[in-house]
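Engineer: As you go down the protein sequences, you meet chains A and B in turn. FYI, this note's numbering numbers position 59 of the first sequence as 70, with every residue one higher than the one before it. FYI, this note's numbering numbers position 35 of the second sequence as 46, with every residue one higher than the one before it. One structure, as C-alpha cells, below. Some questions next.
Number of protein chains: 2
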Amino acid sequence: MSIEIVPIGFVRGGRAEARDDDWDREQAVIELDSGQFQPDALAGLKDFSHVEVLFHFHQVAVDKIVSAARHPRGRTDWPKVGIFAQRGRVRPNRLAVTVCPIIAVNGLSLTVQGLDAIDGTPVFDLKPYLSGFAPRGEIKEPGWAKEIMADYW
Amino acid sequence: MSIEIVPIGFVRGGRAEARDDDWDREQAVIELDSGQFQPDALAGLKDFSHVEVLFHFHQVAVDKIVSAARHPRGRTDWPKVGIFAQRGRVRPNRLAVTVCPIIAVNGLSLTVQGLDAIDGTPVFDLKPYLSGFAPRGEIKEPGWAKEIMADYW
C-alpha cells in the first residue's frame with residue numbers, strides 16, 4: 012500500500028547545498044505550482060506570523076534511508092537512537108516539517124526565513140502555525156537534542 | 012511528478028469517526044509495520060515528552076479536496092481563507108501534522124494522547140519534538156485561529 016504525493020510547489024533560492032546550521036541566515040521563496048493553484052490558495056496567510064512547511068528531503072538516495080537506530084549526525088558522543096527519535100534526513104519517506112517566520116506573500120510566492128531546505132526542494136503542504144497546535148504540557152527532551160540545535164538557526 | 016509514500020504504521024484505537032474537538036480525551040496506539048521495522052526504530056523516543064505525528068487524512072475523498080479559499084469549518088462568521096492559511100482536512104495531499112504527548116513506548120507500539128486521527132489512519136512519519144524546532148520570534152495569528160481551537164483538545 013502506498014500513497015501518491017504531488018508537490019504543491021518548489022523552494023526557489025536559499026541554500027544551494029545541504030549543510031547543517033545557520034539556517035536563519037537564509038531567505039527562500041516557495042513558489043506554488045501555477046497549474047494547480049491561484050493566489051487565493053494563500054489568502055489570509057499573511058495574518059499569521061509563521062508557517063509550517065512540509066517538504067521532501069529529495070536529495071537523500073533511497074539506499075541511504077535508515078530504518079533502525081543511528082547516532083544523530085554520526086556523533087558517537089551522542090546516544091544511538093531510533094530514526095523516529097531523531098529528525099535526521101535519512102528517514103523513511105524522507106518527509107520534513109519546519110516552522111518558519113513568514114516574510115511576504117505575493118501572488119503564488121511565499122517568502123520565508125530560515126527554511127532548512129535547499130533550492131529546488133519539492134514542497135508538499137503549507138499550514139499556518141496556530142498557537143493551539145503547540146505542545147500541550149511540559150516539554151522534556153534529552154541533552155543531545157538541545158546540543159544539536161545550538162547553532163542550527 | 013509525484014512521490015510515493017509508504018505508511019510506516021497505522022493508528023489503532025482512539026476515535027472511530029472523524030469529529031472535531033475534545034481530542035485530548037483520546038489515547039491511541041501507533042503500531043509500526045513489523046515488515047519494515049524493529050523496536051530499535053523507536054529507541055530513545057521515551058526520553059522525549061512529545062512526538063510529532065505525520066499522518067494521512069485518508070477518509071477525505073479526492074474530489075472533496077479544496078485548492079482555493081474556503082471558510083474554515085464552513086463558518087461564514089470566520090473569513091474565507093486559502094487552504095494553505097488553514098489546517099482543514101480537505102487539503103492537497105491530505106497531509107496532517109500533530110504534536111502529541113507520549114504515553115508509552117513498547118516494542119513497535121507508541122501510545123500517544125490526543126492524536127486527532129481516527130482508528131486505521133496511515134502514519135507516514137514520527138519525529139521527536141525538539142524545543143529548538145519551536146517557532147522563532149513572536150507568534151501572531153488571526154482571531155478565528157484562536158476560536159477554532161477553543162474546544163479542540
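Glycine included, each C-beta is placed from N, C-alpha and C at the ideal position. As the structure is a computational prediction, the values presented were derived from the model and not from experiment.
1) For the alpha helix (DSSP H) that contains Gly154(B), what are its first and last residues?
2) Could you tell me whether the Cβ of Gly131(A) comes closer than 8 angstroms to any Cβ of chain B?
3) Between the region 124 to 136 of chain B and the region 109 to 128 of chain A, do at least 3 Cβ pairs fall closer than 8 angstroms?
4) Do you know how far the Cα of Leu137(B) is from the Cα of Lys57(B)?
5) With DSSP run on the structure shown, which of helix, strand or coil describes Asp74(B)?
6) Using the three-state DSSP reduction, which class does Lys91(B) fall into: helix, strand or coil?
7) Given that Glu152(B) touches chain A, what residues does it touch there, using C-beta distances under 9 angstroms?
8) Alpha carbon to alpha carbon, what distance is there between Val62(B) and Glu152(A)?
9) Could you check what DSSP says for Ser8(B) in three-state terms: helix, strand or coil?
10) How should Val17(B) be labelled, buried or exposed, when 16 other C-beta atoms within 10 angstroms of its C-beta is the threshold for buried?
11) Tell me, please, whether the CB atom of Leu126(A) is closer than 8 angstroms to any CB atom in chain B?
12) By DSSP's criteria, Arg81(B) is part of a beta bridge. Which residues make up the other side?
13) Measure from the alpha carbon of Val64(A) to the alpha carbon of each residue in Phe21(A), Gly118(A), Ile159(A) and Asp162(A), then state which is nearest.
14) Could you have a look at Ala107(B) and say whether DSSP puts it in helix, strand or coil?
15) Give the single residue among Gly55(A), Gly46(A), Gln38(A) and Val101(A) whose Cα lies nearest to the Cα of Trp155(B).
16) Can you tell me whether Asp33(A) is buried or exposed, with buried defined as 16 or more other CB within 10 angstroms of its CB?
17) Between which residues of its own chain and His82(B) is the CB-CB distance below 7 angstroms, once the five residues before and five after are set aside?
18) Taking the alpha-carbon positions, what's the Val40(B) to Gly46(B) distance?
19) So Pro139(A) packs on Arg98(B), CB below 8 angstroms; how close in whole Å?
20) Tell me the residue span of the beta strand (DSSP E) that contains Val64(B).
21) For Pro139(A), which residues does DSSP report across the bridge?
22) In the DSSP assignment, the beta strand (DSSP E) including Leu43(B) goes from what residue to what residue?
23) So, at 7 angstroms on beta carbons, what are the nonlocal neighbours of Met160(A) in its own chain, with the 5 sequence-adjacent residues on each side left out?
24) Can you pull the DSSP bridge partners for Val134(A)?
Structural biologist: So, to answer that:
1) On the second sequence, residue 154(B) is found 143 positions in, with the first residue counted as 1. Boundaries of the alpha helix (DSSP H) around Gly154(B): Gly154 to Glu158.
2) The residue you call residue 131(A) lines up with position 120 of the first sequence. For Gly131(A), not one C-beta of chain B is nearer than 8 angstroms to its own C-beta.
3) No contact exists between the region 124 to 136 of chain B and the region 109 to 128 of chain A.
4) Locating residue 57(B) in the second sequence gives position 46, where the first residue counts as 1. Locating residue 137(B) in the second sequence gives position 126, where the first residue counts as 1. If you take the alpha carbons of Lys57(B) and Leu137(B), they lie about 13 angstroms apart.
5) Residue numbering aside, residue 74(B) sits at position 63 when the second sequence is read from its first letter. It is helical.
6) Translated into positions along the second sequence, residue 91(B) becomes position 80. Reduced to three states, the DSSP call for Lys91(B) is coil.
7) Position 141 of the second sequence, counted from the first residue, corresponds to residue 152(B). Those are Asp58, Phe59, Ser60, His61, Pro139, Tyr140, Leu141, Ser142 and Gly143, listed as they occur along chain A.
8) As a first step, residue 152(A) must be located in the first sequence, where it is residue number 141. As a first step, residue 62(B) must be located in the second sequence, where it is residue number 51. In this model, Glu152(A) and Val62(B) are separated by some 11 angstroms (Cα to Cα).
9) With chain B covering only 12 through 164, there is no way to say anything about residue 8(B).
10) On the second sequence, position 6 is the one that residue 17(B) refers to. Exposed.
11) Residue 126(A) sits at position 115 when you count from the first residue of the first sequence. Chain B, which has no Cβ nearer than 8 angstroms to the Cβ of Leu126(A), makes this no.
12) Reading the second sequence from its first residue, position 70 is the one you call residue 81(B). Val92(B).
13) Position 53 of the first sequence, counted from the start, is the residue given in the question as residue 64(A). For the options Phe21(A), Gly118(A), Ile159(A) and Asp162(A), the alpha carbon positioned closest to that of Val64(A) is the one of Phe21(A).
14) Within the second sequence, the letter at position 96 stands for residue 107(B). Residue state, collapsed to three classes: strand.
15) On the second sequence, residue 155(B) is found 144 positions in, with the first residue counted as 1. Ranking the options by Cα distance to Trp155(B), first place goes to Gly55(A).
16) Working through the first sequence from its first residue, we reach residue 33(A) at position 22. Exposed, because fewer than 16 other Cβ atoms sit within 10 Å of the Cβ of Asp33(A).
17) Here residue 82(B) refers to the residue found at position 71 of the second sequence. If you ignore the 5 residues before and after His82(B), its C-beta comes within less than 7 angstroms of the C-beta of Trp89 and Lys91, all in its own chain and listed in chain order.
18) Along the second sequence, read from residue 1 onward, the residue named residue 40(B) stands at position 29. Along the second sequence, read from residue 1 onward, the residue named residue 46(B) stands at position 35. So the two alpha carbons sit approximately 18 angstroms from each other.
19) One-based indexing of the first sequence puts residue 139(A) at position 128. One-based indexing of the second sequence puts residue 98(B) at position 87. With a Cβ gap of about 7 angstroms, Pro139(A) and Arg98(B) count as contacting.
20) In the second sequence, residue 64(B) corresponds to position 53, counting from 1. It spans His61 to His67 - the beta strand (DSSP E) in which Val64(B) sits, taken as one unbroken run.
21) Within the first sequence, numbered from 1, the residue matching residue 139(A) stands at position 128. Residue pairing by DSSP puts Pro139(A) in a beta bridge opposite Val62(A).
22) As a working mapping, residue 43(B) is identified with position 32 in the second sequence. Start and end: Gln38 to Leu43.
23) Sequence index remark: in the first sequence, residue 160(A) carries index 149 (1-based). So no residue of the chain qualifies.
24) Counting from 1 along the first sequence, the entry for residue 134(A) is found at position 123. Beta bridge pairing from DSSP links Val134(A) with Gly20(A) and Phe66(A).
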